[in-house]
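Here the working numbering runs 4 ahead of the position in the sequence shown, where the first position is 1. The beta carbon of each residue, even a glycine, is placed where N, CA and C say it ideally should be. A quick write-up on the structure given underneath.
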Amino acid sequence: MSNALIKPFQIAISDAVIEDLKNRLANTRWPEKETVTDWSQGMPLAYSQELCEYWLNDYDWRQREARLNRYPQFTTELNDLAVHFVHVRSAHADAKPLLMTHGWPGSIAEFQAVIGPLVDPEAHGGKAEDAFHVVCPSLPGFGFSAKPASTGWSVDKIAQTWDLLMLRLGYSRYVAQGGDWGAIVTTTIAEQNLGHCEAIHVNMVVVEPDPATMDELTAIEQDAIAGIQYYYDSDSGYSKQQSTRPQTLGYGLTDSPVGQMT
5 MSNALIKPFQ IAISDAVIED LKNRLANTRW PEKETVTDWS QGMPLAYSQE LCEYWLNDYD
65 WRQREARLNR YPQFTTELND LAVHFVHVRS AHADAKPLLM THGWPGSIAE FQAVIGPLVD
125 PEAHGGKAED AFHVVCPSLP GFGFSAKPAS TGWSVDKIAQ TWDLLMLRLG YSRYVAQGGD
185 WGAIVTTTIA EQNLGHCEAI HVNMVVVEPD PATMDELTAI EQDAIAGIQY YYDSDSGYSK
245 QQSTRPQTLG YGLTDSPVGQ MT
């Protein structure tokens, strides 16, 4: 890949940053224990402390860093934002380009286990004609992509930016996949119909029931809607806060690694 606008990238976290992290973990100020015996008030204190202990004393970042660096990574500026991405070409020149987008709380790390089988299916019991050239960008503000300095980075803009990324890589025709927010971005790529994306696959499909048919629901459908309602009522508080007061939430999460962990 010789495009001068695309720069090779390697993850290299300094020892000073890791030492600072360990100090923050070791000096965590813990809240009072929850007043219930389940997870309805959030992550239980004992479980949080167990995770913190593992992170501080047993988790090997350098091992993880080496694993993340085993696939080629790059950065490029698109729409005035530095975008970080993994790009692995198959040995099969006629492989189909595949754009994969992660969600929240996630990163391109969640694609590590499937990149190998996608680019080299024969090594995993598949067929050569099923090979892909894989591109996995980090969403704006995620991983090593830059954080937008102004508003306006909607799903529409991310989808359009991803299309530009594929064109910059020389892929005028490609397919796309995504989950969670990645599914929404991927669906938007298809809806924009810019003439480059041939097909999509998503593992989160958002549909709303038709009010006119609500009286005809089966028991299974009623249970599904009840589950969705429970999510909105009891499990989606994070979404409301993040989408309305991200800066306020950012102070605590940036300063406290345990805040990020929980």
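Alpha-carbon to alpha-carbon, residue j and residue i
| i | j | result |
| --- | --- | --- |
| G219 | G241 | Before going on, a small fix: residue 219 reads as Asp here, not Gly. Each residue's alpha carbon lies about 29 Å from the other. |
| S260 | P35 | 13 Å |
| L49 | S111 | 26 Å |
| F136 | A180 | 11 Å |
| P152 | I22 | 25 Å |
| S142 | Q14 | 14 Å |
Host alpha helix (DSSP H) of residue i (start-end)
| i | result |
| --- | --- |
| E57 | 49-61 |
| T79 | Not the alpha helix (DSSP H): T79 falls in the beta strand (DSSP E), residues 77-82. |
| A70 | 65-72 |
| G263 | 261-265 |
Beta-carbon contacts of residue i that lie in its chain and below 8 Å, excluding the five residues immediately before and after
| i | result |
| --- | --- |
| P76 | P12, V90, H91, V92 |
| C56 | L29, T32, V262, M265 |
| H128 | G120, P121 |
| D160 | T192, Q196 |
Per DSSP, cross-strand counterpart(s) of residue i
| i | result |
| --- | --- |
| Q181 | M104, H205 |
| V123 | DSSP lists no partner for V123. |
| I10 | T80 |
| H88 | T79 |
Cβ-based neighbour list, residue i, same chain, cut-off 7 Å, excluding 5 preceding and 5 following
| i | result |
| --- | --- |
| A86 | T79, S149, A150 |
| A37 | Looking at the sequence itself, residue 37 is Lys, so the reference to Ala does not match. Same-chain partners within the cutoff: L49. |
Residues near residue i by beta carbon distance below 6 Å, same chain, minus five either side
| i | result |
| --- | --- |
| A187 | V206, M208 |
Where the beta strand (DSSP E) through residue i begins and ends
| i | result |
| --- | --- |
| H96 | Neither: H96 is in no beta strand (DSSP E) and is coded neither H nor E. |
Just list the alpha helix (DSSP H) runs in the segment 211-253, keeping only unbroken ones of 4 residues or longer that don't cross its boundaries, in chain order. Inside the segment 211-253, DSSP marks whole alpha helix (DSSP H) runs of 4 or more residues at positions 223-234, 241-248, from first to last along the chain.
Report the start-end ranges of each beta strand (DSSP E) in the segment 110-179 that is 3 residues or longer and not cut off at the edges. The qualifying runs are 136-141.
Length at least 4, wholly inside the segment 15-50: the alpha helix (DSSP H) runs in chain order: Uninterrupted alpha helix (DSSP H) stretches at least 4 residues long and entirely within the segment 15-50 occur at 19-30, given in chain order.
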